[in-house]
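Remarks on the structure that follows.
There are 4 protein chains.
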Amino acid sequence: MRASVLTATRTIEIEERPEPEPRPGEVVVRVSSVGVCGSDIHYYRDGRIGPFVVDAPLVLGHEAAGEVVAFGDGVDRHAVGDRVSLEPGVPDFTCRLCLEGKYNLCPNMRFFATPPIDGAFSEYVAIHQAFAHPVPDAVSDDAAALLEPLSVGLWACRKGAAGPGSRVLINGAGPIGLVSLQAALAFGATEVVVADVNKQRLDVAAASGATGTLNVGDTPLEDAGIDADVVLECSGVPEATTAALYALRPGGRAVLVGSGSHDVALPLMRLQVHELQVSGLFRYANTWPMAIELVASGRIDLDRLVTGHYGLEQTEEALTVGMRDPASIKPIVSPQT
Amino acid sequence: MRASVLTATRTIEIEERPEPEPRPGEVVVRVSSVGVCGSDIHYYRDGRIGPFVVDAPLVLGHEAAGEVVAFGDGVDRHAVGDRVSLEPGVPDFTCRLCLEGKYNLCPNMRFFATPPIDGAFSEYVAIHQAFAHPVPDAVSDDAAALLEPLSVGLWACRKGAAGPGSRVLINGAGPIGLVSLQAALAFGATEVVVADVNKQRLDVAAASGATGTLNVGDTPLEDAGIDADVVLECSGVPEATTAALYALRPGGRAVLVGSGSHDVALPLMRLQVHELQVSGLFRYANTWPMAIELVASGRIDLDRLVTGHYGLEQTEEALTVGMRDPASIKPIVSPQT
Amino acid sequence: MRASVLTATRTIEIEERPEPEPRPGEVVVRVSSVGVCGSDIHYYRDGRIGPFVVDAPLVLGHEAAGEVVAFGDGVDRHAVGDRVSLEPGVPDFTCRLCLEGKYNLCPNMRFFATPPIDGAFSEYVAIHQAFAHPVPDAVSDDAAALLEPLSVGLWACRKGAAGPGSRVLINGAGPIGLVSLQAALAFGATEVVVADVNKQRLDVAAASGATGTLNVGDTPLEDAGIDADVVLECSGVPEATTAALYALRPGGRAVLVGSGSHDVALPLMRLQVHELQVSGLFRYANTWPMAIELVASGRIDLDRLVTGHYGLEQTEEALTVGMRDPASIKPIVSPQT
Amino acid sequence: MRASVLTATRTIEIEERPEPEPRPGEVVVRVSSVGVCGSDIHYYRDGRIGPFVVDAPLVLGHEAAGEVVAFGDGVDRHAVGDRVSLEPGVPDFTCRLCLEGKYNLCPNMRFFATPPIDGAFSEYVAIHQAFAHPVPDAVSDDAAALLEPLSVGLWACRKGAAGPGSRVLINGAGPIGLVSLQAALAFGATEVVVADVNKQRLDVAAASGATGTLNVGDTPLEDAGIDADVVLECSGVPEATTAALYALRPGGRAVLVGSGSHDVALPLMRLQVHELQVSGLFRYANTWPMAIELVASGRIDLDRLVTGHYGLEQTEEALTVGMRDPASIKPIVSPQT
């Protein structure tokens, strides 16, 4: 089979590799759609993300969907032909954190496209059957792939306890900010303001159901009079993170979604007098069943985020389009083409 | 002012009464819309509901909205002319349960239209300012009145921990079942099945967003293959309540909304093997802010439940229309007409 | 190795069997102590518990501790010689309920001493390494075995949200009632009343830290003026269960621990007006780490519950001593003797 | 009556003032014991705490107990002679936050000894009846006063979700650290390590039930190998706060109890990869009932924290003893002497 491989910084090569053999409990999936994530772009450009260093060839891509074509011993939940969305981080299932339902914190997690685990920019991948989630026809291949970033937004809403009638501020209108917007609406939030400096993305936010947008290039967050129950900080900009805490009401919750290696300055007195809560977020757990229901029922529309399709040979173009085109949100690689 | 008074079982008389004087902290509200509730009908027909006996003239009506026309000492949150929705049960504010936020359980609660407290079928009522909730123009007078039954539905969803992607069974398609349906959808439920024996009401449920309806006159609940996360039992029928427990998935929650003086038979082994949770529900607490947001934003449409308007002199007709017309859902009394 | 086998109703035979071979991920444990549980006694006497029927020879015993003597492929958390407490129900680890941390509800659970799975009244057993929990020296072999019933009590306290300052009523002073008593105290409950008809057991409760005891043969529960936050119903007696609901304060929680195949009559109006919550309980999940800490730190004393030791050949005596001696609480079988 | 009044920075004068008249709903309390808090000392030394500036004479003292001697209209829960512990911050009871049970965040809170509200270093004070909590004889006058700082510790444990078997790190062994230690033990924590640079205070911590102490002057927190479920940060030292986050396990919770006007540097990647939660804390809500139970039952011993008694004329000495004597923990002013 063909796979597109990061062989050196800013170098993707198409390689022929053997098709994966399923181990016990695993299925082999013919990959139909793979979204390009900011972390793929970071590995491509910099060869690393913080402590995670690419020092051997690596297949990128972890937002993936496809069709089951084979399975290993003990697989009892799948038939050949099932359309599935991949949950790309497989834990050990039996450590204390897994048993508690916090499998995203499993110390033995094997996560796609994170050195040294290969990802999904290839024609086939193998994965544990429990992490290949069947999707109904109402969910397109692209949407099935994008259940992964959606899961981040859903998990952020869960951590921030967004709910019916909540007022939510979303800092940053990149792909994660945009899925978080839809997630917040699906959780019942009735006021969702999205803040960014990119007017094009704010327009997408407005078209996706934001009840308000804020161009923080024009109006600093602190002057916008926002009074939110929940902040989903998706920008990863340190100053924006600190500013967002001042937009919270007493008892409000901030969820730190956007990543970075810096420190965030927390204003202690503000945090105390208003009893704010700040939560870090690491991927997601148990979000696929909910995500599938929300997309299949039409509550959430992921296809609208897709801004381009690329064949496997065009993986590098898909990884770089965002640098050239500010209107690009979510490029999709289709490994079978 | 005029008030319509239950002077004896099945007897409503229009009386002239003095306008209420606001006590400290109270506002006086000119009542615009009052929904007719099943409990009003029970008092009218039977003169009692369980231990609550009407032994003196009583003004019925506790689903009410209107306009602030006067206020007592210390009122600082209202101006004359504010449109408000009334939360009809005023607690003592300072007992342990109130301080814990469970004011619906306050032992000193004074609830409209519950002997000996008069209700809102009158031109004016007085109420504590904190329980006269301002509503925006996007909420009609009728909808403002119906925030009260909606609150029951929202509270039921809260108790049952309905959420995004939940599968909900609603037993009973009366007014409370129908607002619970909309509440469940607003909480993010993606599958909401409504069960009843009344085809007309099931049609209303289907038109209000139910993803499925079940005529339990044709197909018993136990044969319908329902597998719900949450059951909102709004029928009050003992057998239906027991049957509903068999429609719950492992870890499911049943909320007993429909009232009655009977016992419910809980199948112990089922409850244990599936770790089911059964909760009683008494009115609501802290639901108005959420209810107002949900209606103002268009997530919930209460006006669609209104099936007739009646002047104050027609109160008795409003109380009895439901017995004559099975298509009647929510009659509204407009005390100013 | 020797195993004591239930070959027919009220018939235990000692058999020679091959030592278990560990499958991948499993350890083999030389069993040191096994507590006798009420369910063992039921299978012995009646050959069934509700739908679970013994139709082939079955080894009973599921409260077990021992020492690791061998392990299969992939075992990485144990060394030969580790003292371990066995969590006797091994789930499939990968179903939706397992992933959510509710592995006690796993539909593929394999539970010791439940047909057709053999239990621990034998010299050796094999079990998944994740369910052989290492215990420190401060935990005796007997106490290590009794972490299993303790887990039921801890899980009941968790379900009932017992906490610091809680007032708890425990219905039934059998072994589960007595561990629930200690569990409630460990959760911080400051008032724990134990009710039973057996004076000897009430004396044990009083000696184990109960702040009050109630002989319901003398004073019916409804006359005792109890006003509890939490009821842990461990008697399984239908009338006692209904009565216990009247002992709850507004907002109180009842947990149905004691089992049976009957219905429980729930007084609907009481449940509603006081917003009571009733929860079924099925075994436990994620309790061993907490249980080990509580016993090792001396907060909970399980050795005090042991009322007799029996060799493997005396298994039948251990299973029947409770019928002869009302002072018997927890007989222990020591399979190595 | 006599009151000790802060008339200027570092100046306390004894004044004769009229006895307070109870307003409706209030009781008058003859004050028996008042603990000296760090905030009293700050106001005394600096005339301000952050934005709270003393610009008129102020009576300090907010950890108080006494006896009811009179009451105003509408008081129905007290009799003259009742021994009571004062909860010194009275909210407006009817705002949205109060109704939700979060009365500590009430914007109209009137808190003792916070400008311009007088505190309790006086012979008599008036307070709303709901905030004068009756205490049983098992709770001494001093302990009744110290339910206030204990409440901070209990609230911190609640925010941090400490529970049975938790491992807790307490940063700072001042009075709040020491009550938090006892609170954590009462919540069921089985490992509670207290860190400080003051050996004397660490000795008190060890004698009060700490399972470990850490002199961070000798061993930096980051080298101590601590792996906690919960950190209660009571030192208010910025560097110590940041360091404490590295002592948390995946899924751990930090509660910021110690105050200051600075920023806290949060290491974003750590917070995310381990999904840590950081909560600010502002006083407490609904803690007195629990606090009374825990002290009355002997679970928590507050008298051991008392290191000196002072008459009203010695208030200034009580406020300054801590600067002279590092062994001083909690001086008590007895206004009747």
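Keeping their order, the protein sequence lines are chains G, B, X and F.
Going by the numbering used here, the first sequence opens with residue -3, and the numbers climb by one from there.
Going by the numbering used here, the second sequence opens with residue -3, and the numbers climb by one from there.
Going by the numbering used here, the third sequence opens with residue -3, and the numbers climb by one from there.
Going by the numbering used here, the fourth sequence opens with residue -3, and the numbers climb by one from there.
Virtual Cβ for every residue (Gly too), placed ideally from N, Cα, C.
The region 100 to 118 of chain F makes no contact with the region 133 to 140 of chain F: fewer than 3 CB pairs, one atom from each, lie closer than 8 Å. In the three-state DSSP reduction, G:G156 falls in the coil class, being neither helix nor strand. The beta carbon of B:R73 sits closer than 7 Å to those of Q125, all from its chain and outside the five residues before and after it, given in chain order. A straight-line Cα-Cα distance of about 30 Å links F:G304 and F:N100.
Between F:V86 and F:R106 the beta-carbon gap is near 5 Å, inside 8 Å, which marks them as a contact. Apart from sequence neighbours up to five positions away, the residues of its chain that approach B:A134 with a beta-carbon distance below 7 Å are A292, ordered along the chain. Residue state for F:S81 is assigned as strand, using DSSP reduced to three classes.
In terms of Cα proximity to X:G159, the closest of X:L267, X:E9, X:E187 is X:E187. Sorting F:V251, F:S162, F:L252, F:T316 by C-alpha distance to the C-alpha of X:T283 places F:S162 at the top. Considered as a whole, the region 256 to 298 of chain X harbours 259 to 263, 273 to 276 as its complete beta strand (DSSP E) runs of no fewer than 3 residues, in chain order. Judged by pairs of C-beta atoms under 8 Å, the region 221 to 230 of chain G does not touch the region 198 to 205 of chain G, as fewer than three such pairs exist. Residues V175, A179, A287, I296, L298 of the same chain have their beta carbon placed closer than 7 Å to that of G:L146, with the five preceding and five following residues left out of the count. Proximity of F:G161 to chain X, defined by a Cβ-Cβ separation below 7 Å, is satisfied. Per DSSP, F:H58 is not a residue of any beta strand (DSSP E), being assigned neither H nor E.
Think of a sphere of 9 Å around the beta carbon of B:S293: the chain G residues whose beta carbon falls inside it are G161, T186, E187, T207, in chain order. Distance from X:A250 to X:E229 at the Cβ level is roughly 6 Å; contact confirmed, criterion being Cβ atoms closer than 8 Å. Inter-residue distance for G:G173 and F:L272 is about 21 Å (C-alpha atoms, whole angstroms). Against chain B, the beta carbon of F:P285 has neighbours under 8 Å at R92, listed in chain order. At least one CB atom of chain X sits nearer than 7 Å to the CB of B:E271. Under the three-state reduction of DSSP output, B:D219 falls in the helix class. Annotated three-state conformation of G:H124 is strand, per DSSP. In the three-state DSSP reduction, B:N211 falls in the strand class (E or B).
DSSP lists no beta-bridge partner residue for F:H74. Distance check between G:A236 and each of G:G247, G:R245, G:H58, G:S255 places G:S255 closest, using alpha-carbon atoms only.
In the DSSP assignment, G:A191 falls within the unbroken beta strand (DSSP E) covering 187 to 192. Here B:S0 is bridged, per DSSP, to B:I10. What F:E96 touches in chain B, judged by beta-carbon distance under 7 Å, is G97, N282, going in chain order. Contact of G:F278 with chain F is assigned, a C-beta pair being separated by under 7 Å. F:M105 is outside the set of residues whose beta carbon lies under 7 Å from a beta carbon in chain G. Here X:F183 is not bridged, per DSSP, to any residue. X:V212 has its alpha-carbon roughly 47 Å from the corresponding atom of X:M(-3).
In terms of beta-carbon proximity, X:V260 lines the interface with chain B, with at least one pair separated by less than 7 Å. The beta carbons of F:L82 and F:A128 sit closer together than 7 Å. Neighbours of F:A126 in chain B, taken as residues whose beta carbon is under 8 Å from its own, are T90, C91, L95 in chain order. Membership of B:D137 in any beta strand (DSSP E) is not indicated; the residue belongs instead to the alpha helix (DSSP H) covering 137 to 141. Residue state for B:R249 is assigned as strand, using DSSP reduced to three classes.
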